[in-house]
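Asks:
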Amino acid sequence: MTRKQRRLTLIGCALVVLAIAAGLVLNALRDSIVFFSTPSMVAEKHLGPGKRFRLGGLVEQGSLKRGDNLAVTFTVGDGGATLPVAYKGILPDLFREGQGVVAEGALDANGVFRADTVLAKHDETYMPKDVADALKKQGHWKDDYGAKPNSMPSASAAPTQGAMR
Amino acid sequence: MIAESGHYALVLALALALIQSIVPIVGARWRDAALMNVARSTALAQLLFVAASFAALVTLHVTSDFSVANVFENSHSLKPLLYKITGVWGNHEGSMLLWVSILALFGGLVAAFGNNLPLSLRAHVLAVQAWVASAFYLFILITSNPFLRIANPPIEGRDLNPVLQDIGLAVHPPMLYLGYVGFSISFSFAVAALLEGRIDAAWARWVRPWTLMAWIFLTLGIAMGSYWAYYELGWGGWWFWDPVENASLMPWLAGTALLHSALVMEKRNALKVWTVLLSILTFSLSLLGTFLVRSGVLTSVHAFATDPTRGVFILLILFVFIGGSLSLYAWRAPALKQGGLFAPISREGALVLNNLLLTTACATVFIGTLYPLALEVLTGEKISVGAPFFNFTFAPLFVPLLLAVPFGPLLAWKRGDLLGAAQRLLVAGIVALVAIALVLAWTYGGATLAPLAIGLAAFVIMGALCDLAERIALFRIPLSLSLRRARGLPRATWGTAFAHAGLGVALIGIVCETTWNSEYIGSMKPDDVARVAGYELRLDGLNPRQGPNFREMVAQFTVTRDGEKVSVMTPSKRNFTTRGASTTEAALLTRGASQLYISLGDTSADGAIAVRIYHKPLVLMIWWGPVLMAFGGLLSLSDRRLRVGAPKPAKAAARALQAAE
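Structure below.
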């Protein structure tokens, strides 16, 4: 083989691998990405049952009900609309009423959001970033969400603290 | 006083770094040895001052000086000593200080052990190292100073995030940073080579040990982080394809590719331009990881604080270094001479394939990680790219890579014999097929892909063993002779075998854990019994307990199997009073490589407690794999051929003398 042929073989191999990878990526991007919505966005977009998405918002006060065998239901709201959520399993350590939550799942035929994962990507003072952004955008952001419960001493501007997976 | 000294030491380190950034380059231009040697002294002095600064912060944390904001926010006087120390880097400011400390450490090591480097190369390398250091000192001093005081010191601190109060924090971040920052050395060498316009096989011989060292630490750091997430977060998951995990995986993939391409360059003087590019890319990905984790664009356990100015500053550093080095590359790389020729089927060819697949896999991770961020910036639409994306893209690219792994070491340099290699791998192929058949028969009607993956893993492991057997001519010559050959094999060969086998071991763990994991989720009352994978777990009772800075509810489970008592497991739920946060302490019971895993949920009004019990078959192999890989790396690092900088042992020198006589 000449130098040119060798180089062509090499480039050919590289192109094949890259083409395969590009195909895989495009295919996966079409099928396996999950969109983020708040209850108002769900109402606007008329999302159909069975379509997976991430729901973010605040757990409504007094809405958490525990059923048999770890079944729980609660309502997620964003100040505009609310959406009932059903989940079976153990809620994360940081799950609280009145605080931000992100759940992944799909709507069922009755318009109930069946979550298979509930994420609490925040701690006691912090909102999940997705939720905070969405609430801000809709004008339902309350300034005191981000602030610390007890007033901070001077010198350090209230930092929002570490988050949970 | 201590805080101010620490702050001052850091400013001095910045001043030294600025001198080190300029003087040696000028010296190299003027061919002035004295000016070039300035780099050595400044690098060592920088290390001294950063170490002093770091020691100051540790002292502040240990003595619980709450007049310092960083200590107040992340410490508590009742916190155990270990967490007072590890809490130093359990926050944004402190972890950045750890970052620069390690950067200074590597700079100091190059200065101390780089005596046999050409003077101008060392000057350039240390200057580039100082550019990076200066940028990060400025970042710390301007946006994230850990030594700021509070005007009215409070009496008690706000405690460290409970999730981080674990031995994992003592190991994971330093390891990971040693890996991330270690790649700065190969970056500096690459930029230095571009500045000098000269690069040769000797360059690769100097770069490879540093890359290998960084790679070993990164491998262990990632594995440790994964195990920590597994036992601490209570979900029993060990890899989430979370952006911060991907941020560490990308430099690992690029670094692994770099390790292999540097080999080609060292042995055959080929792939020079590519190796330089990989060096730049690997460290760029490390910087990107730092940006993703530290800027607050992502929410995760790693993002300690979000402050827009920090994000912008790191982004600026990112643009300057990645953009700058890549432009330099585009400008100077064509000047580097092309190296040796090789046939597509050869050791070089196999290593090129390795590089191709590793970098492509890295690119898919890159896209999956950054696409959501880019989309949000461009269209405002929020999406999440999760495990399915990576399973569909990353996995298919890794299968051919794993298939090719055993062939690589069996092919000769320059021109290989694929058929011959295949013949020598016959045993491995047979073992793989037997493994597939056995697993298929055993799990009849179950998953079909899993047995194939196990077969692939068996092929990789046996392939590594075949390579060793081939080299020591096992069973073809008397055993004693084989053993003598085995002792004579270069350590790097053993290293390769261990590292490659580690891949297979990890794959077995991953496949078994994801496919045959059994779980029980339910609420249990005392004396209830749960059955998981042949084990019976009886909840004996719940007991409250008081810890140093938390209260916990401990559940006691008696584990029996076939009526025989195996062990007692005590998972707990901790409540940290200061932060009002709770954590789940999972209980783990190791049986061989498999584990039983219990984590607790909430207690309900009627005294029942939510319980999650998993049986994870062969799960430990997931982490044994990386440990094997790192061990292989260590063996390879100790190979005499690689120790350019090490002084020759007296014995060898004496023997050489005798031979000369």
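Read top to bottom, the protein sequences are chains A and B.
As numbered in the working numbering, residues 1 to 165 make up the first sequence, in order.
As numbered in the working numbering, residues 1 to 661 make up the second sequence, in order.
We put the CB at the ideal spot given by N, CA and C, even for glycine.
Rounded to the nearest angstrom, what separates Met36/B and Phe189/B at their Cα positions?
Replies: 16 Å
Asks: Among Asp528/B, Thr290/B, Gly633/B, Gly488/B, whose alpha-carbon lies nearest the alpha-carbon of Val181/B?
Replies: Thr290/B
Asks: Beta-carbon separation of Phe342/B and Pro406/B under 8 Å?
Replies: no
Asks: Give every residue of the same chain whose Cβ lies closer than 7 Å to the Cβ of Gly386/B, excluding the five residues on either side of it in the sequence, and list them in chain order.
Replies: Trp241
Asks: Ala262/B and Thr219/B - do their beta-carbons sit closer together than 8 Å?
Replies: Here Thr219/B is not near Ala262/B, since their CB atoms are 8 Å or more apart.
Asks: Would you mind telling me which residues of chain B sit closer than 7 Å to Asp93/A, beta carbon to beta carbon, in chain order?
Replies: Ser582, Thr583, Thr584
Asks: Using alpha carbons as the reference points, say which of Val68/B, Trp235/B, Ser53/B lies closest to Met96/B.
Replies: Ser53/B
Asks: Can you tell me which of the three DSSP states His46/A falls into?
Replies: coil
Asks: Do three or more CB pairs link the region 481 to 491 of chain B to the region 567 to 580 of chain B at distances below 8 Å?
Replies: no
Asks: Counting Cβ pairs, one atom from each stretch, are 3 or more of them under 8 Å apart for the region 42 to 55 of chain A and the region 69 to 83 of chain A?
Replies: yes
Asks: Check whether the region 616 to 635 of chain B touches the region 511 to 525 of chain B, taking contact to mean three or more Cβ pairs, one atom from each stretch, closer than 8 Å.
Replies: yes
Asks: Can you pull the chain A neighbours of Thr393/B, defined as C-beta to C-beta under 8 Å?
Replies: Ala21, Leu24, Val25, Ala28
Asks: Suppose you measure from the CA of Ala22/A to the CA of Asp31/A; what does that come to, to the nearest Å?
Replies: 14 Å
Asks: Name the chain B residues that come within less than 9 Å of Val17/A, Cβ to Cβ?
Replies: Leu353, Leu356, Leu357, Thr360, Leu397, Pro400
Asks: What residue does the alpha helix (DSSP H) around Ala71/A start on, and which one ends it?
Replies: It is not in any alpha helix (DSSP H) - Ala71/A instead sits in the beta strand (DSSP E) that spans 71 to 77.
Asks: Does the region 242 to 262 of chain B come close enough to the region 355 to 366 of chain B that 3 or more CB-CB pairs lie under 8 Å?
Replies: yes
Asks: Report, in whole angstroms, the separation of the C-beta atoms of Ser186/B and Phe283/B, which I expect to be a contact under 8 Å.
Replies: 7 Å
Asks: Let me see if you follow: with CB-CB separation under 8 Å, is Lys382/B close to chain A or not?
Replies: Yes, Lys382/B lies at the interface with chain A (some Cβ there is under 8 Å from its Cβ).
Asks: The beta strand (DSSP E) with Ile25/B in it runs from where to where?
Replies: Counting along the chain, no beta strand (DSSP E) covers Ile25/B; the unbroken alpha helix (DSSP H) around it starts and ends at 2 to 30.
Asks: Skipping 5 residues on each side, what residues in its chain have a beta carbon closer than 7 Å to that of Leu468/B?
Replies: Ala497
Asks: Taking the alpha-carbon of Ser120/B as reference, which of Leu12/B, Trp331/B, Leu628/B, Gly197/B has the nearest alpha-carbon?
Replies: Gly197/B
Asks: Three-state secondary structure (DSSP) at Ile383/B?
Replies: Here Ile383/B carries a strand assignment [DSSP, helix/strand/coil].
Asks: How big is the Cα-Cα spacing for Leu509/B and Thr143/B?
Replies: Rather than Leu, the amino acid found at residue 509/B in this sequence is Gly. Roughly 43 Å separates the two Cα atoms.
Asks: Going by other Cβ atoms of all chains shown within 10 Å of its Cβ, with 16 needed for buried, is Phe106/B buried or exposed?
Replies: Using a 10 angstroms sphere on the CB of Phe106/B, the tally of other CB atoms reaches 16 or more, which defines it as buried.
Asks: Could you tell me the distance, in whole angstroms, from the CA atom of Cys466/B to the CA atom of Ile85/B?
Replies: 46 Å
Asks: If you measure from the beta carbon of Leu70/A to each beta carbon in chain B, is any gap under 8 Å?
Replies: yes
Asks: Excluding sequence positions up to five away, which residues of its chain have a Cβ less than 8 Å from the Cβ of Arg208/B?
Replies: Leu259, Ala262, Leu263, Glu266, Leu642
Asks: Can you check whether the C-beta of Val385/B is within less than 8 Å of a C-beta belonging to chain A?
Replies: yes
Asks: For a contact meaning CB atoms closer than 9 Å, what does Leu58/A contact in chain B?
Replies: Ordered by position in chain B, no residue passes the 9 Å Cβ test against Leu58/A, which lies about 16 Å from the chain.
Asks: Between Asp83/A and chain B, is there a C-beta pair that is closer than 8 Å?
Replies: The question names Asp, yet the displayed sequence has Leu at residue 83/A. Not an interface residue.
Asks: Hey, does Ile33/A have any beta-carbon neighbour from chain B nearer than 8 Å?
Replies: yes
Asks: First and last residue of the alpha helix (DSSP H) that includes His76/B?
Replies: No alpha helix (DSSP H) contains His76/B, which DSSP labels as neither H nor E.
Asks: Could you pull out every residue in the same chain whose Cβ sits closer than 6 Å to the Cβ of Leu402/B, ignoring the five residues on either side in sequence?
Replies: Leu456, Val460
Asks: Compute the distance between the beta-carbons of Phe189/A and Ile367/B, then report whether it is under 8 Å.
Replies: Past the boundaries of the shown model lies residue 189/A; chain A is included only from 1 to 165, so the question cannot be answered.
Asks: Which residues of chain B have a Cβ atom closer than 8 Å to the Cβ of Ala14/A, listed in chain order?
Replies: Leu356
Asks: Check whether the Cβ atoms of Val559/B and Tyr520/B lie closer than 8 Å to each other.
Replies: no
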